[in-house]
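Q: I'd like to ask some things about the structure below.
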Amino acid sequence: MKKFFKTTFACVLGTLIAGLILVLIFTATLVGITASSVTSQEKPYISKTNTVLKIDLSGTLQERYEEDVNLDPMTLLNQGGDSESIGLDQIRKALETAANDNNIVGIYLNAKGLSAMPASIEQVRNMLVDFKEKSGKWIYAYADNYAQGDYVLASVADTVVLNPIGSVDIHGLGGMQMFYPLAFKKLGVEMKIFRVGTYKSAVEPYMCEEMSPANREQTLAYLNTIWDTYTTGVTASRGFTAEHFNNIANSIISVAPTQEMLAMNLVDTLMYRPQFDEWLKTKVGVAEDDKINFATVSQLASTVVDESQSKNTIAVVYAVGDIMESGGGINSDDLVPELTKIRKDENIKAVVLRVNSPGGSAYASEQIWAELEAIKAAGKKFIVSMSDMAASGGYYISCGADRIFAENTTLTGSIGVFGTLPVAKELAQDKLGLRFDGAFTHNGGNPFSGEALYCGIKENEAMAIQRSIENTYDLFTRRCAEGRGMSQDDIKKIAEGRVWIGKTAAEIGLVDEIGSIDDAIAYAAQACELEDYKVANYPAVKSKFEKLMENFGNMTRANIASWVLGEDLEYFNALKEIENIKGVQARMDNITIK
4 MKKFFKTTFA CVLGTLIAGL ILVLIFTATL VGITASSVTS QEKPYISKTN TVLKIDLSGT
64 LQERYEEDVN LDPMTLLNQG GDSESIGLDQ IRKALETAAN DNNIVGIYLN AKGLSAMPAS
124 IEQVRNMLVD FKEKSGKWIY AYADNYAQGD YVLASVADTV VLNPIGSVDI HGLGGMQMFY
184 PLAFKKLGVE MKIFRVGTYK SAVEPYMCEE MSPANREQTL AYLNTIWDTY TTGVTASRGF
244 TAEHFNNIAN SIISVAPTQE MLAMNLVDTL MYRPQFDEWL KTKVGVAEDD KINFATVSQL
304 ASTVVDESQS KNTIAVVYAV GDIMESGGGI NSDDLVPELT KIRKDENIKA VVLRVNSPGG
364 SAYASEQIWA ELEAIKAAGK KFIVSMSDMA ASGGYYISCG ADRIFAENTT LTGSIGVFGT
424 LPVAKELAQD KLGLRFDGAF THNGGNPFSG EALYCGIKEN EAMAIQRSIE NTYDLFTRRC
484 AEGRGMSQDD IKKIAEGRVW IGKTAAEIGL VDEIGSIDDA IAYAAQACEL EDYKVANYPA
544 VKSKFEKLME NFGNMTRANI ASWVLGEDLE YFNALKEIEN IKGVQARMDN ITIK
């Protein structure tokens with residue numbers, strides 16, 4: 004008994020101490036956020052003579068910049084609560100400022116391993132090329148080690164510099180998937196799959212032991228197009244042939260001596276960082292003992308202000324993440340009311356929907372589609388700008404647009420639907436010896452109840468689910484046909500859940516034009532015959548304080564889970580992801596292209 008009270012007291016004391024630490028961290032973070040906000044408001048950035056825009060290619064490239072609030076306790080203690088992020092919208096604004104500001108003499112690309120999807124890389128590269136062509140200013144790049152995506156961007160530079168013992172990693176494109184059926188079989192779990200679409204590969208990890216021929220076909224098709232886009236850009240900048248670049252990709256160049264990389268014309272010169280710093284000073288015209296005036300992307304982006312006094316407005320609505328009925332990402336509970344306000348605002352003449360989504364809930368996608376149709380019915384122009392992906396549900400909410408813009412390497416299409424239902428009858432009854440019984444008023448059954456999970460699914464239930472999937476697919480293809488001015492049969496020929504790359508999607512009619520978000524905004528203005536207008540972004544970006552309050556509870560749960568599960572946390576998260584995929588889904592599989 005004495006040991007029991009001793010242990011109990013220790014647990015209570017430990018909990019109180021942990022709670023006190025979390026409160027102290029929360030308070031310190033809140034104070035830091037308030038102080039940094041006040042500081043940033045008091046000191047607007049003003050460029051100086053011979054300033055260099057320094058772009059750090061590191062971290063994850065976001066679609067839209069949002070201030071990060073790091074809620075990991077150890078990181079908070081070490082860093083004070085902030086971590087830097089970078090957004091495509093920020094880079095666009097910073098390069099616009101750098102091109103027009105006479106104090107900005109050039110750009111320094113500091114390559115440190117940027118994580119970005121191919122379409123984002125394509126967009127940034129195009130921006131850098133435009134910057135050079137319009138401004139006539141230089142770009143220099145340096146890295147200790149060039150990751151492949153970094154190199155695609157750095158190849159734009161007038162001079163590409165590498166650390167003498169560094170590397171350039173050019174290896175082509177590809178990615179691996181994990182398949183679960185054998186593991187499920189050992190556990191006594193069967194995943195019931197319902198889908199329409201031969202190419203709808205999001206469910207393959209739960210039903211196949213390897214990639215299907217259809218999935219391999221579509222994957223290689225879009226990977227080859229992405230690689231061709233990379234090759235075209237790099238070879239144009241570096242002045243060698245596509246054959247030479249592909250030979251490099253096949254040679255495992257990353258482990259070769261840097262002198263070989265120099266000889267292959269991948270880089271222009273080799274320098275250690277201190278040498279590069281001195282070299283850059285000579286290029287800028289700064290004395291050896293002086294410092295270069297560096298401007299960050301966020302500093303230059305903050306100087307861009309829409310000075311138009313016009314009431315005419317083009318609303319840019321960001322739709323980023325998984326599509327859900329509620330929660331994070333694109334949730335219809337929040338987005339639909341936002342779109343309704345836009346529809347009722349007489350000053351807003353057009354909507355540019357910026358989509359970066361693999362899809363998600365078919366129900367939520369339909370709700371968003373309906374409100375976008377109402378916006379068109381109200382006499383406003385509706386334009387879509389696709390970013391990294393606008394697939395499945397992401398295409399669903401895009402298909403009704405007056406005009407659709409995409410990047411060459413945007414992943415889109417994937418017009419198909421599916422549903423999943425795990426059945427653990429063998430695990431529960433045969434392996435664990437559990438028994439289930441009950442009383443019911445009707446025999447219709449509930450395939451989404453615990454009865455189905457532990458006792459199996461009845462034939463009539465399976466037929467009802469499949470019928471629901473087919474009805475949703477029919478509705479999806481009908482929406483696409485209406486939006487694209489095609490017959491439903493023609494849409495079905497290019498649907499079947501197949502993922503299309505932007506360049507090909509434009510050829511088959513799923514996309515109207517290859518272009519950027521700036522092209523989409525310009526088209527919207529032209530379509531509305533607007534000579535003077537302003538651009539407003541929706542939804543409003545949350546402040547650091549709002550994000551901190553929203554995520555504080557999640558921090559506690561996440562850290563407890565991490566502490567209890569350790570290395571098994573990723574498997575737990577995978578199971579939670581399966582659990583959260585409820586209802587009929589218009590979703591593309593998660594893709595990591597390396």
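In terms of our numbering, the sequence shown opens at residue 4 and continues consecutively.
C-beta: ideal position from N, C-alpha, C; glycine also.
Here the structure is a predicted model, which means the values were calculated and not measured.
Note down the Cα distance separating T512 from R487, rounded to an integer number of angstroms.
A: If you number the sequence shown from 1, residue 512 lands on position 509. If you number the sequence shown from 1, residue 487 lands on position 484. Correcting the residue type first, residue 512 is Gly in the shown sequence and not Thr. The alpha-carbon atoms of G512 and R487 are separated by roughly 7 angstroms.
Q: Using 8 angstroms as the cut-off, can you tell me whether the region 317 to 334 makes contact with the region 282 to 298, which would need three or more C-beta pairs spanning the two stretches below that distance?
A: Touching, no.
Q: Report back the beta-carbon spacing between F182 and G422 to the nearest angstrom; my notes put them in contact at under 8 angstroms.
A: Counting from one through the sequence shown, the residue named residue 182 turns up at place 179. Counting from one through the sequence shown, the residue named residue 422 turns up at place 419. In fact, because the Cβ distance is near 19 angstroms, the residues do not count as touching under 8 angstroms.
Q: Can you tell me whether Y476 is helix, strand or coil according to DSSP?
A: Here residue 476 is taken as the residue at index 473 of the sequence shown, counted from 1. Y476: helix per DSSP, three-state reduction.
Q: Let's see if you can read the secondary structure: which residues bound the beta strand (DSSP E) around S417?
A: As a working note, residue 417 is residue 414 in the sequence shown. Run containing S417: none; DSSP gives neither H nor E here.
Q: Label N350 either buried or exposed according to how many other C-beta atoms from any shown protein chain fall within 10 Å of its C-beta, with 16 as the threshold for buried.
A: Here residue 350 is taken as the residue at index 347 of the sequence shown, counted from 1. Exposed, since its Cβ has fewer than 16 Cβ neighbours within 10 Å.
Q: Expressed to the nearest angstrom, what Euclidean distance is found between the alpha-carbon atoms of A404 and V387?
A: Within the sequence shown, residue 404 is the residue found at index 401, counting from 1. Within the sequence shown, residue 387 is the residue found at index 384, counting from 1. For A404 and V387, the distance between alpha carbons rounds to 6 angstroms.
Q: Could you say if the region 93 to 110 and the region 133 to 145 meet the contact criterion of at least three C-beta pairs nearer than 8 angstroms?
A: Judged by Cβ distances under 8 angstroms, the region 93 to 110 makes contact with the region 133 to 145, as three or more pairs qualify.
Q: According to the neighbour-count rule (16 or more other Cβ atoms, all chains shown, within 10 Å of its Cβ), is T244 buried or exposed?
A: If you number the sequence shown from 1, residue 244 lands on position 241. Classification for T244: exposed.
Q: Can you confirm whether the region 265 to 277 touches the region 145 to 165 when touching is taken to mean that 3 or more C-beta pairs between the two stretches lie within less than 8 angstroms?
A: Yes, they touch.
Q: Alpha carbons only, please: which of Y209, L98 and I58 is nearest the one belonging to P425?
A: Working through the sequence shown from its first residue, we reach residue 425 at position 422. Residue Y209 is the option with its Cα nearest to P425.
Q: Cβ atoms of Q588 and G330: under 9 angstroms apart, would you say?
A: What you label residue 330 is simply residue 327 of the sequence shown in a count that begins at 1. What you label residue 588 is simply residue 585 of the sequence shown in a count that begins at 1. Their beta carbons are not under 9 angstroms apart, which means G330 does not touch Q588 by this criterion.
Q: Counting only the same chain and skipping the five closest in sequence on each side, list residues whose C-beta sits under 7 angstroms from that of K314.
A: The residue given as residue 314 occupies position 311 in the sequence shown. Excluding positions up to five away in sequence, the list reads N350.
Q: What do you get for L223, buried or exposed, if any count of 16 or more other CB atoms within 10 angstroms of its CB means buried?
A: Within the sequence shown, the letter at position 220 stands for residue 223. L223 is exposed by the Cβ-count criterion.
Q: For M466, is the classification buried or exposed, using 16 other Cβ atoms within 10 angstroms of its Cβ as the cut-off for buried?
A: As a position in the sequence shown, residue 466 is number 463, starting the count at 1. Exposed, by the Cβ-count rule.
Q: Count the other CB atoms, across all protein chains shown, that sit within 10 Å of the CB of Q370; report buried if there are 16 or more and exposed otherwise.
A: In the sequence shown, residue 370 corresponds to position 367, counting from 1. By the 10 Å Cβ count, Q370 comes out buried.
Q: Give me the residue from L338, A409 and R481 with the minimum Cα distance to A508.
A: By 1-based counting over the sequence shown, the position of residue 508 is 505. The candidate whose alpha carbon is nearest that of A508 is A409.
Q: Can you list the beta strand (DSSP E) stretches of 3 or more residues lying completely in the region 272 to 346, in chain order?
A: Whole beta strand (DSSP E) segments, 3+ residues: 296 to 299 and 316 to 323.
Q: Report all residues from its chain with a CB closer than 6 angstroms to the CB of I400; omit the five preceding and five following residues, and keep chain order.
A: Here residue 400 refers to the residue found at position 397 when the sequence shown is read from its first residue. Excluding positions up to five away in sequence, the list reads S368, I371 and W372.
Q: At 4 residues or longer, and completely inside the region 171 to 195: list those alpha helix (DSSP H) runs for me, N to C.
A: Counting only runs of 4 or more, we get 184 to 190.
Q: If we ignore side chains and look at the alpha-carbon of each, how far apart do G505 and I517 end up?
A: On the sequence shown, residue 505 is found 502 positions in, with the first residue counted as 1. On the sequence shown, residue 517 is found 514 positions in, with the first residue counted as 1. Spanning the two alpha carbons is a distance of roughly 7 angstroms.
Q: Check the C-beta distance from Y476 over to V206 and give it rounded, since I have them as a contact under 8 angstroms.
A: Here the question's residue 476 lines up with position 473 in the sequence shown. Here the question's residue 206 lines up with position 203 in the sequence shown. Actually they are not in contact, since the Cβ atoms of Y476 and V206 sit about 14 angstroms apart, beyond 8 angstroms.
Q: Please state the DSSP three-state secondary structure of Y202.
A: To locate residue 202, count along the sequence shown from 1; it is residue 199. Residue state, collapsed to three classes: coil.
Q: Considering only the beta carbon of each residue, do D515 and R406 sit closer than 9 angstroms?
A: Within the sequence shown, the letter at position 512 stands for residue 515. Within the sequence shown, the letter at position 403 stands for residue 406. For D515 and R406, yes; Cβs fall inside 9 angstroms.
Q: Count the other C-beta atoms from every protein chain shown that fall within 10 angstroms of the C-beta of M130, then say buried if there are 16 or more, exposed otherwise.
A: If you number the sequence shown from 1, residue 130 lands on position 127. Under this definition M130 is a buried residue.
Q: Do you know whose CA, among S364, Q469, G441 and R470, lies nearest C458's CA?
A: Counting from one through the sequence shown, the residue named residue 458 turns up at place 455. The shortest C-alpha separation from C458 is found at G441.
Q: Answer with buried or exposed for D293, where buried requires no fewer than 16 other C-beta atoms within 10 angstroms of its C-beta.
A: Indexing the sequence shown from 1 puts residue 293 at position 290. Classification for D293: exposed.
Q: Report buried or exposed for Q221, applying the criterion of at least 16 other Cβ atoms within 10 angstroms of its Cβ.
A: Position 218 of the sequence shown, counted from the first residue, corresponds to residue 221. That one is buried.
Q: Short of 7 angstroms in beta carbon distance, which residues of its chain neighbour N53, apart from the five on each side in sequence? Order them along the chain.
A: For the purposes of this step, residue 53 is taken as the residue at position 50 of the sequence shown. For N53, where only same-chain residues beyond five positions count, the Cβ hits under 7 angstroms are V108, V287, G288, V289 and N296.
Q: DSSP three-state label for L356, please.
A: Counting from one through the sequence shown, the residue named residue 356 turns up at place 353. Correct three-state label for L356: strand.
Q: Can you have a look at V308 and say buried or exposed, based on whether 16 or more other CB atoms are within 10 angstroms of its CB?
A: One-based indexing of the sequence shown puts residue 308 at position 305. Label assigned to V308: exposed.
Q: Mind checking which residues open and close the alpha helix (DSSP H) that includes D492?
A: Mapped onto the sequence shown, residue 492 falls at position 489. Here the alpha helix (DSSP H) through D492 covers Q491 to K496.
Q: With distances taken between CB atoms, is the gap from R346 to K383 smaller than 9 angstroms?
A: As a first step, residue 346 is located in the sequence shown; it is residue number 343 there, counting from the start. As a first step, residue 383 is located in the sequence shown; it is residue number 380 there, counting from the start. Yes; because the gap between Cβ atoms is below 9 angstroms, this pair is in contact.
Q: Name the DSSP beta bridge partners of L64, please?
A: Position 61 of the sequence shown holds residue 64. I89, per the DSSP bridge assignment.
Q: Helix, strand or coil, according to DSSP, for F248 in the structure here?
A: As a working mapping, residue 248 is identified with position 245 in the sequence shown. If DSSP states are grouped into helix, strand and coil, F248 belongs with the helices.
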